[in-house]
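In this text, residue positions in the sequence shown follow this note's numbering: the first is 448, and each later residue adds one.
Backbone N, C-alpha and C define an ideal beta-carbon position, used for all residues, glycine too.
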Amino acid sequence: MKASAYAIPGLPEKLLNKEFINAAACEQTQIPISMLRDKTRVHEIVLARQLAMHYRRTRVKEGPCAISRDYNVDHATVTHAVKTINNLLEVDKRFAETYAEFENRIKVRQ
Numbered sequence: 448m449k450a451s452a453y454a455i456p457g458l459p460e461k462l463l464n465k466e467f468i469n470a471a472a473c474e475q476t477q478i479p480i481s482m483l484r485d486k487t488r489v490h491e492i493v494l495a496r497q498l499a500m501h502y503r504r505t506r507v508k509e510g511p512c513a514i515s516r517d518y519n520v521d522h523a524t525v526t527h528a529v530k531t532i533n534n535l536l537e538v539d540k541r542f543a544e545t546y547a548e549f550e551n552r553i554k555v556r557q
């Protein structure tokens, strides 16, 4: 099920675009967008993927199965990404600043 910009008043269509969110995550972690779907455990790539998954799950309210199809991973990986980012936000102040910058990148592009 694709979310509609009309379902949430004031939410622009751009914000709901998964490619837009992926681009912001890759920009934040300074990796090429083509590497986002790669099956690799390189920290920067995993972090970019987790940032995008977390944002789409918590802010856009997409389901884990829909998100997992886009990244070619299991739905449990999406759940793990959300938990990991939530834990980092609670514990790591520098990461919280990084996540705030990521969200600002999305807001600025609107």
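Bounds of any alpha helix (DSSP H) do not take in Met482, whose DSSP letter is neither H nor E.
In the structure shown, Val489 falls within a coil segment according to DSSP collapsed to helix, strand and coil.
Per the C-alpha coordinates, the member of Ile492, Val493, Met500, Arg484 positioned closest to Ile468 is Met500.
When rounded, the separation of the alpha-carbon atoms in Asn551 and Asp521 is 29 Å. A distance below 8 Å between beta-carbons, with the five flanking residues on each side excluded, links Thr476 to the following residues of its chain, in chain order: Glu491, Ile492, Leu494, Ala495, Leu498. Shown here for Ile514: same chain residues with a beta carbon closer than 7 Å to its own, the five before and five after excluded, namely Met500, Arg503, Arg504, Val525 in chain order. Judged by their CB atoms, Leu536 and Ala528 are not nearer to each other than the 8 Å cut-off.
In the structure shown, Val507 adopts coil according to DSSP, grouped into three states.
Per DSSP, reduced to three states, the secondary structure at Gln477 is coil, with no helix or strand assignment. In the DSSP assignment, Val529 falls within the unbroken alpha helix (DSSP H) covering 522-538. The DSSP-derived three-state label of Asn464 is coil.
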